[in-house]
Each structure stands twice: as C-alpha cells, then as structure tokens.
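Numbering (the working numbering), first residue to last: 434 to 542.
See structure below.
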C-alpha cells in the first residue's frame, strides 16, 4: 500500500484531478486484474489500447487512472492522472511502488 503522490514521483504529469494522497493497493495495466483500490494505467499497445478498458477498470473498483487521453466525462469518484506517455509512466510507477528494486542491483562489466 502506498500513497498515489509517492507513486507519481518522476512521472510527467500533465494534469491531476482528485486527491493524490489516497492509498493505492496495487498497480496494473490489465483491466482484468483490477481490484478495489487499484491504480489502472491505460497503455497503448500495437493491438489494443488500454484506454478502451478504462470503463472495465472502473467497474472493478479502480481508485485512480493514469492515461494519455481523459474521457469526455471523467468519473469524479476516481483520481485521474493525465500523462504524455502511459508506458513510461507504468515503468516509473511500478518502480516507485515496489521500492525502486533496480537501485540495489550491482552490475559488473
């Protein structure tokens, strides 16, 4: 569990609608794995666009959404974070949420 504010550290946030001090239980870009308290990140892929699955994520209890395009009428009960690159935001958010695990790796060349 982590505050959304800490998860967003290092992410290019264009706009934020809602309270970024809410607690997030997990992070996912797969709408099928969203549970109550999740942060859903809508990532555009080569075959599917995560933005098409935002409504499913909301129905499953997502508390916050990171996306590149906000819906015409965003649900006011959810925190909306607009960014320029959702895929990049996913990597940074996951790193923040899991305690920046790559910072403790030792590399030998």
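Glycine included, each C-beta is placed from N, C-alpha and C at the ideal position.
Treat the numbers as computed from the prediction; the structure is a model and nothing was measured.
First through last residue of the beta strand (DSSP E) which encompasses residue i
i           : result
residue 473 : 471-474
Residue interval of the alpha helix (DSSP H) (run including residue i)
i           : result
residue 506 : Unbroken run through residue 506: none, as it is neither H nor E.
residue 540 : That residue, residue 540, is in no alpha helix (DSSP H); it is neither H nor E in DSSP.
residue 459 : No alpha helix (DSSP H) contains residue 459, which is instead part of the beta strand (DSSP E) from 459-461.
Top-ranked residue by Cα proximity to residue i, from the options
i           : options            : result
residue 499 : 542, 460, 539      : 460
residue 508 : 487, 475, 541, 522 : 487
Residue i and residue j closer than 8 Å at C-beta
i           : j           : result
residue 455 : residue 512 : yes
residue 519 : residue 476 : yes
residue 479 : residue 473 : no
residue 462 : residue 523 : yes
Helix, strand or coil at residue i [DSSP, three-state]
i           : result
residue 481 : coil
residue 436 : strand
residue 497 : strand
residue 444 : coil
Beta-bridge partners of residue i, as assigned by DSSP
i           : result
residue 529 : Answer is none; residue 529 lacks a bridge partner.
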